[in-house]
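K.L.:
Dumping the structure here so I can ask a few things about it.
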Amino acid sequence: MEHIRLPKVENVKLVDRVSPRRSRVGTLYLTATHSIFVESEAGVRNETWVLHSLVCSVEKQAAAASGCSLLIHCKNFQVLHFVIPRERECHDVHLSLQRLSQPESYVELYCFSYKPNVGEVERRQEWDLLDLKADYSRMGVPNSLWKLSPINRHYKVSDTYPADLFVPESAAPPVIVGSSKFRSRGRFPTLSYYSKDNHAAICRSSQPLSGFSARCLEDEQMLEAILRSNPRSDFMYVVDTRPKLNAIANRAAGKGYENEDNYSNIKFQFIGIENIHVMRNSQQKMLEVCELRSPSMSDFLEGLESSGWLKHIKAVLDAGIFIAKAVAEEAVSVLVHCSDGWDRTAQVCSVACVLLDPYYRTLRGLMVLIERDWVSFGHKFSHRCNHLVGDPPKEVSPIIDQFLECVWQLMEQFPCAFEFNERFLIAIHGHIYSCLYGNFIGNNQRERIELGVRERTHSLWSYLWMNRADFINPLYRPDHSQTQGLLRPSTAPYCFKFWRGLYNHFDRGMHPRQSVEDYLQAIQEETQQLHDQLASHKQVGAALSLLTASHFSPCQPKAPESTNLSNGSDQESGIADLSCRSPLSEDSTRDPDSDEAAYSAA
Numbered sequence: 328m329e330h331i332r333l334p335k336v337e338n339v340k341l342v343d344r345v346s347p348r349r350s351r352v353g354t355l356y357l358t359a360t361h362s363i364f365v366e367s368e369a370g371v372r373n374e375t376w377v378l379h380s381l382v383c384s385v386e387k388q389a390a391a392a393s394g395c396s397l398l399i400h401c402k403n404f405q406v407l408h409f410v411i412p413r414e415r416e417c418h419d420v421h422l423s424l425q426r427l428s429q430p431e432s433y434v435e436l437y438c439f440s441y442k443p444n445v446g447e448v449e450r451r452q453e454w455d456l457l458d459l460k461a462d463y464s465r466m467g468v469p470n471s472l473w474k475l476s477p478i479n480r481h482y483k484v485s486d487t488y489p490a491d492l493f494v495p496e497s498a499a500p501p502v503i504v505g506s507s508k509f510r511s512r513g514r515f516p517t518l519s520y521y522s523k524d525n526h527a528a529i530c531r532s533s534q535p536l537s538g539f540s541a542r543c544l545e546d547e548q549m550l551e552a553i554l555r556s557n558p559r560s561d562f563m564y565v566v567d568t569r570p571k572l573n574a575i576a577n578r579a580a581g582k583g584y585e586n587e588d589n590y591s592n593i594k595f596q597f598i599g600i601e602n603i604h605v606m607r608n609s610q611q612k613m614l615e616v617c618e619l620r621s622p623s624m625s626d627f628l629e630g631l632e633s634s635g636w637l638k639h640i641k642a643v644l645d646a647g648i649f650i651a652k653a654v655a656e657e658a659v660s661v662l663v664h665c666s667d668g669w670d671r672t673a674q675v676c677s678v679a680c681v682l683l684d685p686y687y688r689t690l691r692g693l694m695v696l697i698e699r700d701w702v703s704f705g706h707k708f709s710h711r712c713n714h715l716v717g718d719p720p721k722e723v724s725p726i727i728d729q730f731l732e733c734v735w736q737l738m739e740q741f742p743c744a745f746e747f748n749e750r751f752l753i754a755i756h757g758h759i760y761s762c763l764y765g766n767f768i769g770n771n772q773r774e775r776i777e778l779g780v781r782e783r784t785h786s787l788w789s790y791l792w793m794n795r796a797d798f799i800n801p802l803y804r805p806d807h808s809q810t811q812g813l814l815r816p817s818t819a820p821y822c823f824k825f826w827r828g829l830y831n832h833f834d835r836g837m838h839p840r841q842s843v844e845d846y847l848q849a850i851q852e853e854t855q856q857l858h859d860q861l862a863s864h865k866q867v868g869a870a871l872s873l874l875t876a877s878h879f880s881p882c883q884p885k886a887p888e889s890t891n892l893s894n895g896s897d898q899e900s901g902i903a904d905l906s907c908r909s910p911l912s913e914d915s916t917r918d919p920d921s922d923e924a925a926y927s928a929a
């Protein structure tokens with residue numbers, strides 16, 4: 328509270344960006360964790376809450392006759408425009424928010440003071456919801472080809488890797504250690520995903536320290552061990568996700584990429600995904616287009632195209648498709664790396680897993696995937712999401728945003744293949760930046776252990792799982808042909824859409840009052856209630872029939888023949904028998920696995 332210069336300001340106007348006439352007047356409160364705007368209209372108690380850890384920037388504009396404007400941009404793409412009557416009050420609020428939104432140490436983050444009404448035993452159980460070893464067991468490892476190695480148990484080989492790593496059975500400890508010394512940040516090749524159907528694997532690492540001519544026998548042996556772990560293939564792919572010019576430039580710094588002359592039976596593939604700086608600038612340009620006031624359609628589309636954002640999403644998705652097809656269709660193992668192996672590598676490995684494995688298209692599966700390929704493998708969440716004021720500004724980049732958008736783009740093409748809905752992805756995105764839960768604090772597993780995250784904070788995954796009813800996709804069909812096996816999306820430019828639900832999430836005037844998913848969910852719930860009522864009525868009817876039958880005497884006259892028409896029969900009243908439709912009707916010729924049929928069924 329010592330950072331709050333002014334805890335309360337009255338007669339503050341909250342300007343509606345889409346429709347300025349709908350602006351509201353109220354009181355702005357500042358607390359240690361939130362800014363709260365409360366409308367002052369009689370009989371209205373609307374509140375707008377903003378978590379300080381979500382604030383990205385606070386801009387104080389020049390004073391005008393109507394007051395002094397304060398523009399707040401949030402990491403979840405909420406934009407708030409306050410007009411404060413007096414310049415001095417605006418100055419105090421501005422300084423307060425700048426300090427409150429820029430914690431200087433991890434202990435200042437909200438997750439370490441957040442205390443929901445949960446007992447200590449339950450809090451500890453939250454962290455046991457996901458079991459990564461169980462996921463590897465589901466894949467079929469360890470087995471005769473892959474083993475769990477304790478070599479990084481104390482983070483001695485690579486301080487940014489997880490403690491538990493799967494490596495080829497034939498990879499001896501000296502080979503692993505030697506390979507790690509030849510890789511950036513010690514991130515040697517290790518297993519990310521294993522296909523038990525054909526033994527193909529997706530492995531990940533960082534770039535080799537090859538320079539122009541250096542080589543390492545242990546690193547060459549490590550790749551040979553990965554190749555031998557797939558008895559169905561006599562070669563493997565090495566995928567460098569960087570543009571080729573970038574990789575060549577890294578050679579001058581003593582890094583670079585694998586020389587095919589030194590590694591036997593590898594096929595090298597460059598896939599040009601741009602670096603974190605290009606991605607940061609691209610998203611910023613796209614957000615500037617989103618904030619245009621009443622743009623024309625041509626201005627919006629031109630701005631979106633010039634930002635290059637969807638082009639970058641396509642590049643990530645193309646890389647994931649290449650890897651998924653190599654594993655599923657060619658039965659070939661793939662080693663993926665970028666520079667350090669925690670940004671582009673995480674993106675394409677996890678996208679490939681979503682394409683390959685229906686499990687990762689479920690609620691629990693996506694949580695496991697993010698926990699494994701992003702959290703445990705050392706994606707630098709604190710640096711990329713700018714959790715602390717001391718984090719280098721050039722380290723900030725929307726890498727995880729791009730992965731979530733790739734999943735959303737796939738959901739748009741395959742609406743019946745995913746158990747979760749768009750709301751689930753938006754909830755994950757918001758809490759990655761909110762610092763309300765401890766899952767994404769720090770830059771790697773070792774840092775989270777040192778911070779005592781499991782002992783001192785709550786887990787997001789437990790919260791999402793408890794509220795999973797809100798995140799169910801009403802179109803999901805586990806038996807649908809889309810849900811099984813490899814997804815084959817189109818990456819033609821016209822297939823990519825602007826994700827309005829995320830980037831304009833808080834612009835209520837741009838959304839329908841009720842989404843299609845919510846409407847279908849409501850219909851399903853009402854239909855289920857009607858089925859339950861019908862079943863109940865049938866039970867009552869059956870009981871009454873039995874009771875009536877017990878009172879009939881043997882000499883009771885026979886019931887009339889079924890051919891006799893009652894006065895209220897359907898045939899006499901002219902009502903058509905809807906069950907007697909032609910077998911050649913439109914519905915009967917519809918593919919039961921088509922999306923159209925799924926919508927109709929819903």
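Count along the sequence shown from 1, then add 327; that gives the number in this note's numbering. We put the beta carbon where it would ideally sit given N, CA and C, even for glycine.
Helix or strand or just coil, what does DSSP make of residue 401?
P.N.:
Working through the sequence shown from its first residue, we reach residue 401 at position 74. Residue state, collapsed to three classes: strand.
K.L.:
Leaving out five residues before and five after residue 342 in sequence, what residues of the same chain have Cβ atoms less than 7 angstroms from its Cβ?
P.N.:
In the sequence shown, counting from the first residue as 1, residue 342 sits at position 15. Excluding residues within five positions, the ones whose Cβ falls inside 7 angstroms are 350, 408 and 410.
K.L.:
Count the other CB atoms, across all protein chains shown, that sit within 10 Å of the CB of residue 556; report buried if there are 16 or more and exposed otherwise.
P.N.:
As a first step, residue 556 is located in the sequence shown; it is residue number 229 there, counting from the start. The residue is buried, with at least 16 neighbouring Cβ atoms inside 10 Å.
K.L.:
Report the three-state DSSP secondary structure of residue 334 (helix, strand or coil).
P.N.:
Here residue 334 is taken as the residue at index 7 of the sequence shown, counted from 1. Note: residue 334 maps to coil in three-state DSSP.
K.L.:
Taking DSSP as the reference, what is the three-state secondary structure of residue 649?
P.N.:
Along the sequence shown, one-based indexing puts residue 649 at 322. Helix.
K.L.:
Is DSSP giving residue 391 helix, strand or coil here?
P.N.:
By 1-based counting over the sequence shown, the position of residue 391 is 64. Three-state result, residue 391: strand.
K.L.:
Nearest CA to the CA of residue 758: which residue from 586, 722, 712 and 719?
P.N.:
Translated into the one-based positions of the sequence shown, residue 758 becomes position 431. Nearest C-alpha to residue 758: 712.
K.L.:
Compare the Cα-Cα distances from residue 752 to each of 830, 780, 808 and 865 and report the closest residue.
P.N.:
Your numbering for residue 752 matches position 425 in the sequence shown. With distances taken between Cα atoms, residue 752 lies closest to 830.
K.L.:
Could you tell me which residues DSSP pairs with residue 488 in its beta bridges?
P.N.:
As a working note, residue 488 is residue 161 in the sequence shown. Paired residues: none, contrary to the question.
K.L.:
In whole angstroms, give me the CA-to-CA distance for residue 540 and residue 584.
P.N.:
In the sequence shown, counting from the first residue as 1, residue 540 sits at position 213. In the sequence shown, counting from the first residue as 1, residue 584 sits at position 257. Looking at the two C-alpha atoms, the distance is approximately 10 angstroms.
K.L.:
Does the distance from the C-beta atom of residue 367 to that of residue 352 stay below 8 angstroms?
P.N.:
Residue mapping note: residue 367 aligns to position 40 of the sequence shown, counting from 1. Residue mapping note: residue 352 aligns to position 25 of the sequence shown, counting from 1. Yes, Cβ-Cβ distance for residue 367 and residue 352 is below 8 angstroms.
K.L.:
In whole angstroms, give me the CA-to-CA distance for residue 509 and residue 794.
P.N.:
Here residue 509 corresponds to residue number 182 of the sequence shown, with the count starting at 1. Here residue 794 corresponds to residue number 467 of the sequence shown, with the count starting at 1. Each residue's Cα considered, the two are about 45 angstroms apart.
K.L.:
What's the gap between the Cα of residue 825 and the Cα of residue 454?
P.N.:
Walking along the sequence shown from the start, residue 825 turns up at place 498. Walking along the sequence shown from the start, residue 454 turns up at place 127. Whole-angstrom Cα-Cα distance: 35 angstroms.
K.L.:
Considering only DSSP beta bridges, list what residue 619 is partnered with.
P.N.:
In the sequence shown, residue 619 corresponds to position 292, counting from 1. None, per the DSSP bridge assignment.
K.L.:
I'd like the list of long-range same chain contacts for residue 480, defined as Cβ closer than 6 angstroms, with 5 residues on each side in sequence excluded.
P.N.:
For this step, residue 480 is matched to residue 153 along the sequence shown. The residues are 490.
K.L.:
Quick one: residues in its chain with C-beta nearer than 6 angstroms to the C-beta of residue 429, no 5 flanking neighbours on either side, listed in chain order?
P.N.:
Counting from 1 along the sequence shown, the entry for residue 429 is found at position 102. Result list for residue 429: 716, in chain order.
K.L.:
For the segment 533–618, list the beta strand (DSSP E) runs that are entirely contained and at least 3 residues long, ordered along the chain.
P.N.:
563–567 and 593–597
K.L.:
Suppose you measure from the CA of residue 704 to the CA of residue 416; what does that come to, to the nearest Å?
P.N.:
As a first step, residue 704 must be located in the sequence shown, where it is residue number 377. As a first step, residue 416 must be located in the sequence shown, where it is residue number 89. One C-alpha to the other measures close to 46 angstroms.
K.L.:
For the candidate residues 378, 373 and 422, whose alpha-carbon lies nearest to that of residue 397?
P.N.:
For this step, residue 397 is matched to residue 70 along the sequence shown. The option with the nearest alpha carbon to residue 397 is 422.
K.L.:
Given 8 angstroms as the limit, is there contact between the segment 545–552 and the segment 682–692, that is, 3 or more CB pairs closer than that?
P.N.:
no
K.L.:
If I measure Cβ to Cβ from residue 335 and keep anything under 8 angstroms in the same chain, skipping five residues before and after, which residues do I get?
P.N.:
Reading the sequence shown from its first residue, position 8 is the one you call residue 335. Closer than 8 angstroms at Cβ, skipping near neighbours: 354, 355, 356 and 357.
K.L.:
In this structure, how does DSSP classify residue 779 when only helix, strand and coil are distinguished?
P.N.:
For the purposes of this step, residue 779 is identified with residue 452 of the sequence shown, where counting begins at 1. Three-state result, residue 779: coil.
K.L.:
Just the Cα atoms here: how many angstroms apart are residue 605 and residue 823?
P.N.:
The count along the sequence shown starts at 1 and reaches residue 605 at position 278. The count along the sequence shown starts at 1 and reaches residue 823 at position 496. C-alpha separation (whole angstroms): 20 angstroms.
K.L.:
Which runs of the alpha helix (DSSP H), 4 residues or longer, sit entirely within the segment 736–770?
P.N.:
Taken in chain order, the whole alpha helix (DSSP H) runs of length 4 or more contained in the segment 736–770 are 749–761.
K.L.:
Does the count of Cβ pairs from the segment 430–442 and the segment 764–778 closer than 8 angstroms reach three?
P.N.:
yes
K.L.:
What is the DSSP secondary structure of residue 784, counted as helix, strand or coil?
P.N.:
Working through the sequence shown from its first residue, we reach residue 784 at position 457. DSSP places residue 784 in coil when its eight states are reduced to three.
K.L.:
Taking only the alpha-carbon atoms, compute the straight-line gap between residue 647 and residue 568 and give it to the nearest angstrom.
P.N.:
For the purposes of this step, residue 647 is taken as the residue at position 320 of the sequence shown. For the purposes of this step, residue 568 is taken as the residue at position 241 of the sequence shown. Taking the straight line joining both Cα atoms gives about 10 angstroms.
K.L.:
In angstroms, rounded to a whole number, what distance separates the CA positions of residue 877 and residue 800?
P.N.:
As a working note, residue 877 is residue 550 in the sequence shown. As a working note, residue 800 is residue 473 in the sequence shown. It is roughly 49 angstroms from the alpha-carbon of residue 877 to the alpha-carbon of residue 800.
K.L.:
Classify residue 655: buried if its beta carbon has 16 or more other beta carbons within 10 angstroms, exposed otherwise.
P.N.:
To locate residue 655, count along the sequence shown from 1; it is residue 328. Classification for residue 655: buried.
K.L.:
Can you tell me whether DSSP reads residue 365 as helix, strand or coil?
P.N.:
One-based indexing of the sequence shown puts residue 365 at position 38. DSSP places residue 365 in strand when its eight states are reduced to three.
K.L.:
Compute the distance between the beta-carbons of residue 688 and residue 642, then report whether it is under 8 angstroms.
P.N.:
Here residue 688 refers to the residue found at position 361 when the sequence shown is read from its first residue. Here residue 642 refers to the residue found at position 315 when the sequence shown is read from its first residue. Contact flag unset, no.
K.L.:
Can you give me the C-alpha to C-alpha distance between residue 321 and residue 378, rounded to a whole angstrom?
P.N.:
Since the first residue of the chain shown is 328 and the last is 929, residue 321 is not available in this structure.
K.L.:
Using 7 angstroms as the cut-off, classify the Cβ of residue 363 as near or not near the heavy atoms of the ligand NAD, replying yes or no.
P.N.:
With respect to the ligand NAD, the structure offers nothing, as it holds no ligand at all.
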